[in-house]
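Asker: Those letters in the sequence shown? Residues -39 to -1, 1 to 429, per mature numbering (1 follows the signal peptide of the UniProt record, and there is no 0), in order.
One structure coming up, written as structure tokens, with questions to follow.
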Amino acid sequence: MRPTRARRRTGAIRFAAAALAAMLAGGGALFVAPSAAVAAPTIAERQKWYFDLLKIPEAQQISTGEGVVVAVVDSGVDASHPDLQGKVLPGKGIGGEAADGRSDRVDGHGTGMAGVIAGSGGGPNRMTGIAPGVKILPYGTGTVENMDVGAEGLRWAADNGAKVVNLSWGADVEPPQVILDAVEYALSKDVVIVAAAGNRSEGDTKVISPARIRGVIGVTGIASDGSFWDDQSVQGRGTVLSAPAQDVVGPQPLALSDSGYGVGNGTSSAAAIVSGVAAMVRAKYPDLDAANVIERLIRTADDKGPQGWDEQYGDGIVNPVAALTEDVPAVSRNPLLPDEDETGDATEAAPAPGDSDGEIGGNTVALIGGGVCLLVVVLVVVLIVASRNKRRPGPPMPVGTPGPYPQQPGPYPGQPVPYPQQGGYPPQAPGYPPQQGYPPQQGYPPQQGYPGGPPQYPPGPQYPPHGG
């Protein structure tokens, strides 16, 4: 049976004017239109709440992630966006025009995630990422929506220099063997894997796959007041860390957003933030293996809620400064994997399996972007936050445990919204340092718009724009 389209982005950034109008009309406005006398908030002001909460400016004085490659297995990454120029390495896509992964014609989700991780900034109306010194390695899946391609992308990233892999997508099903094998393979290649836990707005009821797989850092979301975002983020076994998920700014392809930016809400953004912090740690401590990078992240997280691990915050809210500076004893193995003498408990902790025919999503990948994503035009509410955290028992599904879902056929075409190209990106403001990054890759000319519709790709997970 053909699986339902589940590939949500964790923090859906559906930058559609129609979505904005609907939100305002429905009385649940996340964005408030400023009066004519009030200037619209800048990109930097929109980022302030989570930059302040996580003390990102202070952390960036210690590490920017320079020298680390972060793979974004998603819809693709628009390498021509000003905040990503010179940062996006030649990657891979599922054929057609996305062969190098350096375009994003579907919905901008991958571009948003890449910007949250590595945006170069350079002015008040430019997006600064968590780790602006990293390089992004894209694996574009376009419109494909099953876990086969997600698994393929994870393996490819592990084989091509990625030290951190961001997976802001998933499905509310038991992990199929193909993704279990891919996770085990990437872990064996010393890769830190970060995945979004899932969004209630997308229909998720528990931590989704691949975030629920042991060895993976499953990330839940906190709201702009610093508390667990119960209205949007899922919770449960498999939660490892939490991070900001509400009103997180991200760049968008100009063909999809007339401003070049969007604000998303969901655990996709939370995962991207943790991926950025993991890259900062890998750059600061280049001799640490993935196991000790993960140990550093969970041991230094801000414990919130009940003392110790809990189903909402996991081990706590990620703390970049502490992760970069505290003395953390070394470990000999990935702390998220079951103990060698652990048997049935690891499997029993996993969520109950679903239907074996895969109809409820099967291997379909849901871009965890749940949550309303709106165009970042002249509307947005900037909130202030506090902080919270914890420590936990091993996550649910052990690596290597087969899942009951057979592989589903693909591809499943997406339905990108046809936004006309308008305006341009704001120029770098005078007085700001030049954008960080690396010189453009040879042989990859700047992208010129987005002609035609999205390319057709073979089976694989699709990744919608990330909103938060």
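For every residue, glycine included, the Cβ atom is placed at its ideal position computed from N, Cα and C.
1. Cβ atoms of residue 45 and residue 80: under 8 Å apart, would you say?
2. Pull up the DSSP beta-bridge partners for residue 182, would you.
3. Bridge partners for residue 275 per DSSP, in chain order?
4. Apart from the five residues on each side of it in sequence, which residues of its chain come closer than 7 Å, Cβ to Cβ, to residue 302?
5. Note down, in chain order, each residue of its chain lying with its Cβ closer than 6 Å to the Cβ of residue 28, except the 5 sequence neighbours on either side.
6. Checking 8 Å against the spacing of the C-beta atoms, do residue 200 and residue 266 come in under that value?
7. Rounding to the nearest angstrom, what Cα-Cα distance links residue 30 and residue 280 in this structure?
8. Determine the DSSP secondary structure at residue 109, reduced to helix, strand or coil.
9. Go ahead and label residue 268 buried or exposed: buried means 16 or more other beta carbons lie within 10 angstroms of its beta carbon, across all protein chains shown.
10. From 91, 7, 270 and 117, pick the residue whose C-alpha is nearest to that of residue 34; which is it?
11. Just to confirm, is the Cβ distance from residue 176 to residue 206 under 8 Å?
12. Would you list the one or two residues that DSSP bridges to residue 53?
13. Could you work out which residue in 211, 229 and 187 is closest to residue 446 when comparing CA atoms only?
14. Decide if residue 7 is buried, meaning its Cβ has at least 16 other Cβ atoms within 10 Å, or exposed.
15. Who are the near neighbours of residue 146 in its chain, counting only those whose CB is closer than 7 Å to its CB and skipping five residues on each side?
16. Hey, residue 156 and residue 181: beta-carbon distance below 8 Å or not?
17. Is residue 299 helix, strand or coil when you go by DSSP?
18. Residue 197: which of 215, 166, 204 and 190 sits nearest, CA to CA?
19. How is the beta strand (DSSP E) around residue 222 delimited, first residue to last?
20. Alpha carbon to alpha carbon, how far is residue 298 from residue 148?
21. Distance check for residue 144 and residue 47, CA to CA, integer angstroms please.
22. Going by other Cβ atoms of all chains shown within 10 Å of its Cβ, with 16 needed for buried, is residue 256 buried or exposed?
23. Within the 8 Å Cβ cut-off, does residue 96 reach chain D?
24. Going by the CB atoms, is the gap between residue 78 and residue 17 shorter than 8 Å?
25. Since residue 209 sits in a beta bridge, which residues does DSSP pair it with?
26. Rounded to a whole number of angstroms, what is the C-alpha to C-alpha distance between residue 436 and residue 135?
27. Determine, using beta carbons only, whether residue 68 and residue 36 come nearer to each other than 8 Å.
28. Three-state secondary structure (DSSP) at residue 253?
29. Give the C-beta separation of residue 105 and residue 71 to the nearest angstrom, bearing in mind that I take them to be a contact with Cβ-Cβ under 8 Å.
30. Give me the Cα-Cα distance between residue 189 and residue 263, rounded to the nearest whole angstrom.
31. Under three-state DSSP, which class holds residue 169?
Answerer: Concretely, from the data shown:
1. Counting from one through the sequence shown, the residue named residue 80 turns up at place 119. Counting from one through the sequence shown, the residue named residue 45 turns up at place 84. Result yes, Cβ atoms of residue 80 and residue 45 sit closer than 8 Å.
2. Taking the first residue of the sequence shown as position 1, residue 182 is located at position 221. According to DSSP, residue 182 bridges with 204.
3. Taking the sequence shown and counting its residues from 1, one reaches residue 275 at position 314. Answer by DSSP bridge pairing, in chain order: 271.
4. Your numbering for residue 302 matches position 341 in the sequence shown. Cβ neighbours of residue 302 beyond the five flanking positions: none.
5. Walking along the sequence shown from the start, residue 28 turns up at place 67. Taken in chain order, the residues that qualify are 244.
6. Locating residue 200 in the sequence shown gives position 239, counting from the first residue. Locating residue 266 in the sequence shown gives position 305, counting from the first residue. With contacts defined as CB atoms closer than 8 Å, residue 200 and residue 266 fail to qualify as a contacting pair.
7. Translated into the one-based positions of the sequence shown, residue 30 becomes position 69. Translated into the one-based positions of the sequence shown, residue 280 becomes position 319. Rounded to the nearest whole angstrom, the C-alpha separation of residue 30 and residue 280 is 21 Å.
8. Sequence index remark: in the sequence shown, residue 109 carries index 148 (1-based). Here residue 109 sits in helix by DSSP.
9. As a first step, residue 268 must be located in the sequence shown, where it is residue number 307. Using a 10 angstroms sphere on the CB of residue 268, the tally of other CB atoms stays under 16, which defines it as exposed.
10. On the sequence shown, residue 34 is found 73 positions in, with the first residue counted as 1. Checking every option, the nearest Cα to that of residue 34 belongs to 117.
11. The sequence position of residue 176 within the sequence shown is 215, counting from 1. The sequence position of residue 206 within the sequence shown is 245, counting from 1. Pairing residue 176 with residue 206 gives a Cβ-Cβ distance that is not under 8 Å.
12. Taking the first residue of the sequence shown as position 1, residue 53 is located at position 92. Answer by DSSP bridge pairing, in chain order: 100.
13. Any answer about residue 446 is impossible in this case: the structure gives the chain only from -39 up to 429.
14. As a first step, residue 7 is located in the sequence shown; it is residue number 46 there, counting from the start. Buried, since its Cβ has 16 or more Cβ neighbours within 10 Å.
15. Taking the first residue of the sequence shown as position 1, residue 146 is located at position 185. Non-local C-beta neighbours of residue 146 in its own chain, meaning closer than 7 Å and more than five positions away in sequence, comprise 116 and 119, ordered along the chain.
16. Locating residue 156 in the sequence shown gives position 195, counting from the first residue. Locating residue 181 in the sequence shown gives position 220, counting from the first residue. Inclusion of residue 156 and residue 181 in the CB contact set at 8 Å is not warranted, their separation being larger than that value.
17. Taking the sequence shown and counting its residues from 1, the one referred to as residue 299 is at position 338. Coil.
18. Residue 197 sits at position 236 when you count from the first residue of the sequence shown. Closest by alpha carbon: 166.
19. Locating residue 222 in the sequence shown gives position 261, where the first residue counts as 1. According to the DSSP assignment, residue 222 belongs to the beta strand (DSSP E) that extends over 222 to 225.
20. Within the sequence shown, the letter at position 337 stands for residue 298. Within the sequence shown, the letter at position 187 stands for residue 148. Answer to the nearest angstrom: the Cα atoms are 10 Å apart.
21. Locating residue 47 in the sequence shown gives position 86, counting from the first residue. Locating residue 144 in the sequence shown gives position 183, counting from the first residue. Residue 47 and residue 144 have their C-alpha atoms spaced approximately 29 Å apart.
22. In the sequence shown, the residue the question calls residue 256 occupies position 295. Of the residues assessed, residue 256 falls on the buried side of the cut-off, its CB having 16 or more other CB atoms within 10 angstroms.
23. Included in the structure is just one protein chain, with no chain D present.
24. As a first step, residue 17 must be located in the sequence shown, where it is residue number 56. As a first step, residue 78 must be located in the sequence shown, where it is residue number 117. Going by beta carbons, residue 17 and residue 78 fall outside the 8 Å limit.
25. Looking up residue 209 in the sequence shown gives position 248. Looking at the DSSP output, residue 209 shares a beta bridge with 225.
26. In the structure as shown, the chain begins at -39 and stops at 429. Residue 436 is therefore absent and cannot be evaluated.
27. Counted from its first residue, the sequence shown places residue 68 at position 107. Counted from its first residue, the sequence shown places residue 36 at position 75. Judged by their CB atoms, residue 68 and residue 36 are nearer to each other than the 8 Å cut-off.
28. On the sequence shown, residue 253 is found 292 positions in, with the first residue counted as 1. Correct three-state label for residue 253: helix.
29. Residue mapping note: residue 105 aligns to position 144 of the sequence shown, counting from 1. Residue mapping note: residue 71 aligns to position 110 of the sequence shown, counting from 1. With 8 Å as the limit, residue 105 and residue 71 do not qualify as a contact, their Cβ atoms being about 13 Å apart.
30. Residue 189 sits at position 228 when you count from the first residue of the sequence shown. Residue 263 sits at position 302 when you count from the first residue of the sequence shown. Put simply, the backbone Cα of residue 189 is about 13 Å away from that of residue 263.
31. Taking the first residue of the sequence shown as position 1, residue 169 is located at position 208. Reduced to three states, the DSSP call for residue 169 is coil.
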